[in-house]
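Student: Just so you know, the sequence shown maps onto residues 371 to 445 in the numbering used here. Beta carbons: idealized from backbone N, C-alpha and C, even for Gly. Take a look at the following structure, please.
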Amino acid sequence: MKETPLLFKPEMVRATLREIDPKDQTRRLLNRLLKFGKITEFGISDTPGYDWHFRDKEMRWHDISHNQGMEYWPY
Numbered sequence: 371m372k373e374t375p376l377l378f379k380p381e382m383v384r385a386t387l388r389e390i391d392p393k394d395q396t397r398r399l400l401n402r403l404l405k406f407g408k409i410t411e412f413g414i415s416d417t418p419g420y421d422w423h424f425r426d427k428e429m430r431w432h433d434i435s436h437n438q439g440m441e442y443w444p445y
C-alpha cells in the first residue's frame, strides 16, 4: 500500500490537536482505482454479493466486493 502525505490548512491542524472533541479522521475522494484508472459515481452497490459499484473511464459499470476493493484502492 502506498503512503501519500496529506496537506492540511492551519485550521485543520488546530482541529486535529484540539483536546476537547478532537478531529480523528480525514476523508479523501476516491476518483482512481489501480486496475481501472479514473472512475466516477463510486458508491454502495445494491447488487447481492457486492459491496461497491462505480463507472470506469469508458462509462461501464463495475461491481466489486470489499476484499476486491482493498486490492484496487490506492490509499
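Please classify Phe378 as buried or exposed, where buried requires at least 16 other C-beta atoms within 10 Å of its C-beta.
Tutor: By the 10 Å Cβ count, Phe378 comes out exposed.
Student: Please state the DSSP three-state secondary structure of Glu441.
Tutor: Correct three-state label for Glu441: helix.
Student: Taking the straight line between their C-alpha atoms, what separation do you get for Asp421 and Glu389?
Tutor: Whole-angstrom Cα-Cα distance: 36 angstroms.
Student: Over what stretch of residues does the beta strand (DSSP E) that includes Glu428 continue unbroken?
Tutor: Element bounds for Glu428: n/a, residue is neither H nor E.
Student: Straight-line CA distance for Thr417 to Ser435?
Tutor: Between Thr417 and Ser435, the C-alpha separation is close to 10 angstroms.
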